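A.B. asks: When the letters of the sequence shown are read in order and numbered with the UniProt record's numbering, they come out as residues 1 to 345. Note that CB positions come from ideal geometry on N, CA and C, so glycine has one too. Small disclaimer: the values here were computed from a predicted structure and weren't measured.
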Amino acid sequence: MTVDVPSGRATGDLPSPLIATRKGSALHLQLDRPTSLNALNHAMVKALRASIAAAQEMEGIATIVLSGNGDRAFSAGGDLKPLREDALGDGTYAMPFWADLYGTVADISASEIPVVSLFDGIVFGGGLGLAGNCQVRVATERCVAAMPETRIGFYPDTGGLSLLAGLAGETGTYLGTCAQSVGAADALAVGLVDHFVWHSDLPAFTEAIGVLGLEEALAAFASEPTDEPALPAAWVDECFAGDDAAEILERLRGHEHPDAVEAAELFASRSPAAVAVTLKGLRTVADLTLVEDLELELRITDALRRSDDFVEGVRARVVDKDRDPSWVHTHVSEVDPAWVESIVS
């Protein structure tokens, strides 16, 4: 049957944070906060979740295409300022937001209609969790993808633990703990995305999805990036193996590869507590389904959302922008394993 899709307008004269447009057999859902790099807030997440559900009942819809409005980002992740304000305030906003966000990832992964995400521009944090857990993931040469949460005293959520744990070798451990970013070539090489399409071809490619169908559109427009990937890499697998964050840092500092030396500096600069939780989380979800991971993530998030490191990390990165956080711990060896175990359980 035909149903109404949540429109591009909300109540009154305020614009909706999501634009829904039907083109042939494709439903295009576009995150629409371009001046905020399409940062995810609760209104956007609820609109997206409702649209995914509505699409399942729409007659003739064969593909859902998920993208970001503007020329800079798919999504830079969750809107952090209100989350920090909530942590310092009454604490009523954050958990309903995260519950709906994680629920949206579960809904996307279970969608009977394939969801195609466009990694065009910045794809960070919760944005990467959404895009990376779609059935078909397409990157352009403008893709910059990362789970940068350890920079702000948090961990890779929104299905990010399962996403990173499933990458080639120990690549996900490297990207998750160091909060390192990758471009299209590396994303394709390690399994973060499935296809590459040139940015200039995106309009024709997305139009073709609704006219020719997804497989025909990919056959016509999928290409290969010109850059050579640096990942997966032997030094990453050598250094990031195991469950001990302090040992990983020691191996990085003692490795001869220059990229390992750089990674050591990144690793040491991130929130030690967040790094320890991330490492434990990545090892734990290896035996879990995505839905089980999302249930675990909701518990981890509830434990960390008002932590000193999260409040301080968002202050340093987003509020004051001095990029000089003062973490509770100075080294990963100081983080109590029993505390980590109590968080990731």
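Leaving out five residues before and five after Ile300 in sequence, what residues of the same chain have Cβ atoms less than 7 Å from its Cβ?
C.D. replies: Closer than 7 Å at the Cβ level, and outside the excluded window around Ile300, lie Tyr155, Val277, Gly281, Ile343 and Val344.
A.B. asks: Determine, for Leu27, whether the minimum Cβ-Cβ distance to residues of chain B falls below 8 Å.
C.D. replies: As a matter of chain content, chain B is missing from the structure shown, which is built from one protein chain.
A.B. asks: Is Val211 buried or exposed, if buried means 16 or more other CB atoms sit within 10 Å of its CB?
C.D. replies: exposed
A.B. asks: Tell me whether Leu214 is buried or exposed, calling it buried when 16 or more other Cβ atoms sit within 10 Å of its Cβ.
C.D. replies: buried
A.B. asks: So, at 8 Å on beta carbons, what are the nonlocal neighbours of Lys46 in its own chain, with the 5 sequence-adjacent residues on each side left out?
C.D. replies: Around Lys46: Asp100.
A.B. asks: With DSSP as the reference, identify every bridge partner of Gly78, one or two as the case may be.
C.D. replies: Leu40
A.B. asks: Can you name the residues that DSSP bridges to Ile209?
C.D. replies: Paired residues: none, contrary to the question.
A.B. asks: State the Cα-Cα distance for the pair Met58 and Ser200, rounded to the nearest angstrom.
C.D. replies: Between Met58 and Ser200, the C-alpha separation is close to 30 Å.
A.B. asks: Hey, is the region 115-125 in contact with the region 63-71, meaning 3+ C-beta pairs nearer than 8 Å?
C.D. replies: yes
A.B. asks: Short of 6 Å in beta carbon distance, which residues of its chain neighbour Ser109, apart from the five on each side in sequence? Order them along the chain.
C.D. replies: Asn133 and Leu290
A.B. asks: In three-state terms, what does DSSP make of Lys280?
C.D. replies: helix
A.B. asks: With distance defined between alpha-carbon atoms, name the residue in Gly176, Glu228, Arg283 and Ala54 nearest to Gly242.
C.D. replies: Arg283
A.B. asks: Helix, strand or coil for Ala53, going by three-state DSSP, please let me know.
C.D. replies: helix
A.B. asks: Checking the sheet assignment: what are the DSSP bridge partners for Gln30?
C.D. replies: Ile19 and Ser67
A.B. asks: Measuring CB atoms only, is the region 189-203 touching the region 247-261, in the sense that at least three cross pairs come out at less than 8 Å?
C.D. replies: No: the two stretches stay apart, fewer than three of their Cβ pairs being nearer than 8 Å.
A.B. asks: Going by Cα to Cα distance, which pick from Ala316, Glu295, Glu85 and Ala234 is closest to Ser269?
C.D. replies: Ala316
A.B. asks: For Thr224, which residues of its own chain have a beta-carbon under 7 Å away from its beta-carbon, when the five flanking residues on both sides are left out?
C.D. replies: The sequence given here places Glu at residue 224; Thr does not occur at that position. These residues qualify, in order along the chain: Phe196.
A.B. asks: Tell me where the alpha helix (DSSP H) around Ile61 begins and ends.
C.D. replies: Note, Ile61: premise wrong, no alpha helix (DSSP H); not H, not E.
A.B. asks: In angstroms with no decimal places, state the Cα-to-Cα distance between Thr2 and Leu88.
C.D. replies: Because the pLDDT of Thr2 is 29, which lies under 50, any placement of that residue in the model is unreliable, and the number read from its coordinates should be weighed accordingly. The alpha-carbon separation between Thr2 and Leu88 amounts to approximately 44 Å.
A.B. asks: I'd like the list of long-range same chain contacts for Ser333, defined as Cβ closer than 7 Å, with 5 residues on each side in sequence excluded.
C.D. replies: Ala246
A.B. asks: Shortest alpha-carbon distance to Asp86 belongs to which of Val335, Asp293 and Leu304?
C.D. replies: Leu304
A.B. asks: With distance defined between alpha-carbon atoms, name the residue in Val335, Val318 and Val136 nearest to Arg151.
C.D. replies: Val318
A.B. asks: Please identify the residue among Ala219, Leu218, Pro272 and Lys81 whose C-alpha is closest to the C-alpha of Ala39.
C.D. replies: Lys81
A.B. asks: How should Pro17 be labelled, buried or exposed, when 16 other C-beta atoms within 10 angstroms of its C-beta is the threshold for buried?
C.D. replies: buried
A.B. asks: Taking DSSP as the reference, what is the three-state secondary structure of Val136?
C.D. replies: strand
A.B. asks: DSSP has Val116 in a bridge; who is on the other side?
C.D. replies: Val65 and Val136
A.B. asks: Write down every uninterrupted run of the alpha helix (DSSP H) in the region 299-332 whose length is 4 residues or greater and which is fully enclosed by it, in chain order.
C.D. replies: 308-314
A.B. asks: Assuming Phe267 contacts Leu249 under a Cβ cut-off of 8 Å, what Cβ separation, rounded to an integer in Å, is found between them?
C.D. replies: 5 Å
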